[in-house]
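Below: one structure, written as structure tokens.
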Amino acid sequence: MRTKANRLETVLIPAHAGIGLRPPHYTELLSSLPAISWLEVHSENFFADGGRPHDILEQVRTHYPLSLHGVGLSLGSVDPLNVWHLEKLKGLVDRYQPGLVSEHLCWCSVDKRYLNDLLPLPYTEESLSHISERIQQVQTYLGRQILIENLSSYLQYSHSTIPEWEFLAAVAQRSGCGILLDINNIYVNACNHGFDTTQYLQAIPVEAVGEMHLAGFTDEGDILIDTHSRPVSTQVWALYEQAVQRFGRQPTLIEWDADIPALSVLLDEAAHAEDIAERTIPSLHNCPVSRPHVQPA
Amino acid sequence: MSNLHELQRLFRDAILDDKLTPLTHWISEPDPARRLGIYRNNVFTNLRETLRTLYPVVGRLVGTEFFAYTATHYIQRYPSPAGDLNCFGAQLADFLADFEPVSGLPYLPDTARLEWYAHQVYHGTEHPPLHPEQLANVSSDHYEALYFSLHPASRLFASTYPVHRIWQVNQEGYNGDQQINLDSDEVCLLIERRDRQIELQVLGQGEWALLQAISKNQSLASATDAACTAEPDFDLVNSLSRLVAQSTLVAFSVGERSGNANKYSQKSDNP
Chain A
1 MRTKANRLET VLIPAHAGIG LRPPHYTELL SSLPAISWLE VHSENFFADG
51 GRPHDILEQV RTHYPLSLHG VGLSLGSVDP LNVWHLEKLK GLVDRYQPGL
101 VSEHLCWCSV DKRYLNDLLP LPYTEESLSH ISERIQQVQT YLGRQILIEN
151 LSSYLQYSHS TIPEWEFLAA VAQRSGCGIL LDINNIYVNA CNHGFDTTQY
201 LQAIPVEAVG EMHLAGFTDE GDILIDTHSR PVSTQVWALY EQAVQRFGRQ
251 PTLIEWDADI PALSVLLDEA AHAEDIAERT IPSLHNCPVS RPHVQPA
Chain B
1 MSNLHELQRL FRDAILDDKL TPLTHWISEP DPARRLGIYR NNVFTNLRET
51 LRTLYPVVGR LVGTEFFAYT ATHYIQRYPS PAGDLNCFGA QLADFLADFE
101 PVSGLPYLPD TARLEWYAHQ VYHGTEHPPL HPEQLANVSS DHYEALYFSL
151 HPASRLFAST YPVHRIWQVN QEGYNGDQQI NLDSDEVCLL IERRDRQIEL
201 QVLGQGEWAL LQAISKNQSL ASATDAACTA EPDFDLVNSL SRLVAQSTLV
251 AFSVGERSGN ANKYSQKSDN P
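These protein sequences, in sequence, are chains A and B. If you use this note's numbering, the first sequence corresponds to residues 1 to 297, in order. If you use this note's numbering, the second sequence corresponds to residues 1 to 271, in order.
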């Protein structure tokens, strides 16, 4: 048992580009320790009681600032919050002291049956008060603020009364959570549902944004699908630049979850995000930015 | 029922049971079936791939396409119970036992059971080893009242099919003997994690009876009786020292099992 005396110090996530760490890259990343500013993992991949996942995360945490990103808490579900899931998440948070903890603005289960996908909520007053209250409960339970991510969607509900961007801003305002702004998801939804990305960015309160995500989508012709299986598109890089102008330099993550390429491809994408941020808001020479947090092997 | 509850139920039924019609008027954009189809595909692909990763041997035995067909039926019969996909797939062995299309492969359910146990062992709780000197301090008067504990990341499993051979032959990179004799006797297995890999040990009748008894919280005296009944010339000392050395047995107590007194086990390093 880790005692309070040797408990890890939280290492904040720097306002630089990081990558999402997935199982195919565990070994290579930990043997080569590339100069990347921070790493994010899916919380649920480390819910196991023991075994290799924790060997990996212990080592990751030794060398890099860590962010935990959840995909299964089902914040928008009408079911009671899943206590087992919350306990597992709190166990991870207490053990690894991540710099950021995030979840999605979605539901993924009902009547204790899980679909394990990020499903959209109707944007109504009912959903807004429900999810805001649940986020508050989670923040109270974890003893910290969490970030909530906007998701990509392939349909809209007839009874929605609030635009997505206003809904997201209102959730942050009511629950006190931060926002993890997924730039690719904004672009995908703007194409799928026909809205203006600039209007979306303008509606999000600057002070609420604590992280951004970038990923690649697949164009199915009539609809864009957020597959996380491709490089970030030109249009999304352009929108990212606009986002940096509005929200400043933020921790920015490259996500890749299907057809995962070589680690170097993710690192190159992260370097490109870093270049755009630097070009948009240059770091001042007399104001050192935090260096990549890599200790010698 | 609230609007949100009704919507979520209809959505779930549309995805899992392909009942699209009741949900379509909730969707404002054209071609709701196409839109729901994207979600349906995402959900089923994700869950099928989860099962495929969890059950690689079953997958090899039935082939890629048939596994996908089987998985689709499984997902509908036993939907995912948690937001953590590592919890999904626990009932595949039971499902296969009743799944008519695989009735010609009677060894398949036990093969699935072995793969599920291996999955649990792989992610099981850590426990430090038991040092032999801790046992040496126990007075010989107390030997019969010793209660051992198995490593939390271990499982005992017996099958009437040679599932250990089926498992071994279907591991990636296996180059050995491909022959499997399906008419062999019952096999008793100890599934453990060693150097982060799954290891299967075939146990003799005596050691199987011993570990079964220990896993049911019986004293060393009762466990030894069971072992010697199953295998008259069972070598207890040799077996115990090996089981402690390989961390199958990781803790012990003296006297009543339920009591907290006299428990000998190192505290785990992990929370």
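Think of the CB as a built atom: it goes at the ideal place given N, C-alpha and C, for glycine as much as any other residue. Here the structure is a predicted model, which means the values were calculated and not measured.
### Message
Across the segment 111-129 of chain B and the segment 78-94 of chain B, are there enough close Cβ pairs to call them in contact, namely three or more that are closer than 8 Å?
### Response
yes
### Task
Anything in the segment 104-138 of chain A with a Cβ closer than 8 Å to a Cβ of chain C? List those residues in chain order, please.
The structure shown has no chain C; the protein chains it does contain are A and B.
### Task
Return the first residue and the last residue of the alpha helix (DSSP H) that valine 244 of chain B is part of.
236-245
### Query
In terms of residues, what are the limits of the alpha helix (DSSP H) holding glycine 59 of chain B?
56-62
### Message
Which residue wins for smallest C-alpha separation from arginine 7 of chain A, given the options A/Gln242, A/Leu224, A/Glu58, A/Ile276?
### Response
A/Glu58
#### Entry: Closest residue to leucine 66 of chain A among A/Gly91, A/Leu86, A/Trp38, A/Asp79 (Cα-Cα distance)
A/Trp38
### Task
Round the Cβ separation of proline 122 of chain A and alanine 169 of chain A to the nearest angstrom and send it over; I've been treating them as touching at under 8 Å.
That pair is no contact at about 17 Å.
### Continuous alpha helix (DSSP H) stretch holding arginine 12 of chain B: start and end
3-17
### Beta-carbon contacts of alanine 230 of chain B that lie in its chain and below 8 Å, excluding the five residues immediately before and after
Gln205, Gly206, Trp208, Ala209
### Message
Which residues in chain A have a C-beta closer than 7 Å to the C-beta of isoleucine 214 of chain B? List them in chain order.
### Response
The premise fails here: isoleucine 214 of chain B is roughly 21 Å from chain A at the closest Cβ pair, so nothing lies under 7 Å.
### Message
Cutting at 8 Å between CB atoms, please list the residues of its own chain near asparagine 170 of chain B, excluding the five before and the five after it.
### Response
Pro56, Val57, Arg60, Leu61
### Message
I'd like to know if leucine 12 of chain A contacts chain B, where contact means its C-beta is closer than 8 Å to some C-beta of that chain.
### Response
no
### Query
CB-CB under 8 Å to alanine 386 of chain A, same chain, minus the five flanking residues each way: which ones, in chain order?
Nothing about residue 386 of chain A can be read from this structure; chain A reaches only from 1 to 297.
### Query
Should tyrosine 123 of chain A be listed as close to the ligand ADP, given that the test is whether its C-beta is under 7 Å from any heavy atom?
This structure lacks the ligand ADP; in fact it carries no ligand of any kind.
### Message
Going by the DSSP bridge assignment, what does isoleucine 225 of chain A pair with across the sheet?
### Response
A/Thr218
### Message
Since tyrosine 69 of chain B and aspartate 110 of chain B should fall inside the 8 Å C-beta cutoff, what is the C-beta to C-beta distance between them, to a whole number of angstroms?
### Response
At roughly 21 Å, the Cβ-Cβ gap does not stay under 8 Å, so tyrosine 69 of chain B and aspartate 110 of chain B are not in contact.
### Task
Quick one: list the residues of chain B neighbouring isoleucine 87 of chain A, beta-carbon separation under 9 Å, in chain order.
The amino acid at residue 87 of chain A is misidentified as isoleucine; the sequence shows glutamate. Those do not exist, as glutamate 87 of chain A stays about 12 Å from chain B at its closest Cβ, beyond 9 Å.
### Query
How long is the line joining the alpha carbons of leucine 236 of chain B and aspartate 55 of chain A, rounded to whole angstroms?
35 Å
### Query
Nearest CA to the CA of threonine 161 of chain A: which residue from A/Gln173, A/Tyr200, A/Glu125?
A/Glu125
### Query
Between isoleucine 225 of chain A and isoleucine 214 of chain B, what straight-line distance do the alpha-carbon atoms span, to the nearest angstrom?
53 Å
### Query
So, are the CB atoms of asparagine 42 of chain B and aspartate 117 of chain A less than 8 Å apart?
yes
#### Entry: Of the listed residues A/Trp256, A/Ile131, A/His63, A/Glu211, nearest to serine 175 of chain A (C-alpha basis)
A/Ile131
### Query
Below 8 Å between beta carbons: does that hold for asparagine 192 of chain A and isoleucine 148 of chain A?
no
### Task
Spatial neighbours of phenylalanine 247 of chain A within its chain, please: CB distance less than 6 Å, with the 5 preceding and 5 following residues excluded, ordered by chain position.
Val206, Val209
### Query
Quick one, are the C-beta atoms of glycine 187 of chain A and isoleucine 38 of chain B less than 8 Å apart?
With the sequence shown as reference, residue 187 of chain A is identified as tyrosine, and glycine is not the correct amino acid for it. The answer is no: Cβ separation not under 8 Å.
### Task
Could you work out which residue in B/Thr248, B/Phe252, B/Gly255 is closest to valine 121 of chain B when comparing CA atoms only?
B/Thr248
### Query
Shortest alpha-carbon distance to phenylalanine 253 of chain B belongs to which of B/Leu23, B/Ala145, B/Thr21, B/Phe99?
Here residue 253 of chain B turns out to be serine, not phenylalanine, going by the sequence shown. Here the closest residue by C-alpha is B/Ala145.
#### Entry: Distance between leucine 190 of chain B and methionine 212 of chain A (C-alpha atoms, nearest Å)
47 Å
### Query
For the beta strand (DSSP E) that isoleucine 148 of chain A lies in, which residues bound it at each end?
147-149
### Query
Got a sec: which bits of the segment 80-107 of chain B sit with their beta carbon under 8 Å from any beta carbon on chain A, in order along the chain?
Ser80, Pro81, Ala82, Gly83, Asp84, Leu85, Asn86, Phe88
### Query
Does any residue of chain A bring its CB to less than 8 Å from the CB of isoleucine 15 of chain B?
yes
#### Entry: Contact set for valine 289 of chain A: own chain, Cβ-Cβ below 8 Å, skip 5 residues either direction
Any answer about valine 289 of chain A is weak, because its pLDDT of 45 lies below 50 and its placement is not dependable; what the coordinates show is given next. Excluding positions up to five away in sequence, the list reads Pro14, Ala15, His16, Ser283.
### Message
So for glutamine 156 of chain A, helix, strand or coil by DSSP?
### Response
coil
### Query
Could you give the distance in angstroms between the alpha-carbon of phenylalanine 157 of chain B and the alpha-carbon of leucine 151 of chain A?
44 Å
### Query
Name the DSSP beta bridge partners of glycine 178 of chain A, please?
A/Leu147
#### Entry: Identity of the residues DSSP links to isoleucine 254 of chain A by a beta bridge
A/Ile19, A/Leu214
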